[in-house]
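Residue numbers (our numbering): 789 to 993.
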């Protein structure tokens with residue numbers, strides 16, 4: 789994986805602040821269910837890796853637009869899982885254009901570019917992450933280990949890719965391998981993908 793990371797050009801840090809001074813205001817963004825590698829085209833719509841890239845560019849532009857309007861200089865980003873399509877079902881394997889390794893690399897490059905774009909405007913970008921169910925290694929959900937999720941490679945890849953970005957902080961604040969905990973302006977939050985939450989009321993408790 790490290791060899792693959794070095795094959796790509798590392799983005800050059802650039803910073804154009806949204807606010808002249810620290811505003812003590814933050815925006816929270818979530819990135820979930822990108823399902824990089826999935827390809828289909830039918831009457832219901834179409835999706836592929838290039839469409840995923842275009843959607844993320846549009847999304848990051850919207851985040852920056854709102855931040856400019858609200859005079860916000862800090863961004864918190866949760867990577868909520870299912871960054872890759874995976875191969876947990878036969879139908880998914882048929883629709884995948886990239887194999888698992890290519891999916892992880894492609895999704896990681898996509899997310900790294902997304903974070904780099906945010907870092908170009910915000911004074912600080914804090915990133916936390918949890919894996920999703922589509923990235924599990926074992927096809928059988930009952931046999932799968934909670935820690936064996938390929939999504940976990942994405943933030944590691946991005947951290948390596950963006951090591952020269954002083955204003956990007958990857959927060960290692962997981963309660964366990966499926967729950968991330970983070971603090972925004974004095975309030976505590978958690979992030980989960982939700983695949984283990986059959987009963988939301990019990991899960992919240």
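The beta-carbon is built from N, C-alpha and C at its ideal position, and this holds for glycine as well. Bear in mind the structure is a predicted one, so any value in this text is a computation, not a measurement.
- For the 9 Å CB-CB criterion, residue 903 and residue 956 form a contact.
- In the structure shown, residue 975 adopts extended strand secondary structure according to DSSP, grouped into three states.
- Per DSSP, reduced to three states, the secondary structure at residue 820 is coil, with no helix or strand assignment.
- Burial of residue 868 is indicated by the presence of at least 16 other C-beta atoms within 10 angstroms of its C-beta.
- The DSSP-derived three-state label of residue 854 is helix.
- Taking 8 Å as the upper bound for CB-CB distance, residue 840 and residue 898 are in contact here, some 7 Å apart.
- With fewer than 16 other Cβ atoms inside 10 Å of its own Cβ, residue 889 counts as exposed.
- Inclusion of residue 822 and residue 895 in the CB contact set at 9 Å is warranted, their separation being smaller than that value.
- Around the beta carbon of residue 949, 16 or more other beta carbons sit within 10 angstroms, so the residue counts as buried.
- With 16 or more other Cβ atoms inside 10 Å of its own Cβ, residue 916 counts as buried.
- Residue 852 has its alpha-carbon roughly 10 Å from the corresponding atom of residue 846.
- Annotated as proximal: residue 980 and residue 918, with beta-carbon spacing under 9 Å.
- Rounded to whole angstroms, the gap between the alpha carbons of residue 973 and residue 816 is 11 Å.
- Our two residues, residue 943 and residue 951, have alpha carbons roughly 12 Å apart in a direct line.
- Boundaries of the beta strand (DSSP E) harbouring residue 867: 862 to 867, taken from the DSSP string.
- With fewer than 16 other Cβ atoms inside 10 Å of its own Cβ, residue 960 counts as exposed.
- Following the DSSP letters along the chain, one finds residue 956 in no alpha helix (DSSP H) but inside the beta strand (DSSP E) bounded by residues 956 to 958.
- DSSP places residue 806 outside both helix and strand once states are collapsed to three, so it counts as coil.
- Here DSSP, grouped into helix, strand and coil, assigns residue 894 to helix.
- Counting of Cβ neighbours within 10 angstroms places residue 829 among the exposed residues, the total staying below 16.
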